[in-house]
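As structure tokens, the structure follows; a few thoughts come after it.
Okay, structure coming up:
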């Protein structure tokens, strides 16, 4: 037994797209003509087909899905599953690394704090190494 839906509705936040699907406006772009042909084919599978224009603010999730589908070469042969996650599934782990003194430490202290060794020779050598 196959499940066959009786009713289909399509929503768009674009008045142009809605009017083109309804046949009120003529599609001029080749890609839009192809989309309209696909929609016409799919419409025949339903007893009832309705298109609704909705405000842009209510269409954010659908916009994300359409951008994803547009990035795919042929979305008719692929299934796209979208799952809304109210919070991230990954947990953040911070590892504290203790700092040690090495050859870079005096250079960093000079750059960050302006600290130089008291000995003029050591200070000169530090500046030379820093450059």
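Numbering (full-length UniProt numbering), first residue to last: 1 to 131.
Beta carbons are placed, not taken as given, at the ideal position from N, Cα and C, and that holds for glycine.
Here DSSP, grouped into helix, strand and coil, assigns residue 8 to strand. For residue 48, DSSP records a beta bridge to 7. Within the same chain, 10, 18 and 21 come within 6 Å of residue 51 by CB-CB distance, once the 5 residues on both sides are set aside.
Residue pairing of residue 53 in beta bridges, as defined by DSSP: 12. A direct Cα-to-Cα measurement between residue 32 and residue 86 gives close to 34 Å. At the C-beta level, residue 13 and residue 61 stay beyond 9 Å of one another. Taking C-beta separations shorter than 8 Å and ignoring five residues to either side along the sequence, the partners of residue 58 in its chain run 13, following chain order.
Ranked by Cα distance from residue 119, the options 112, 47 and 127 are led by 127. Annotated as proximal: residue 8 and residue 43, with beta-carbon spacing under 9 Å.
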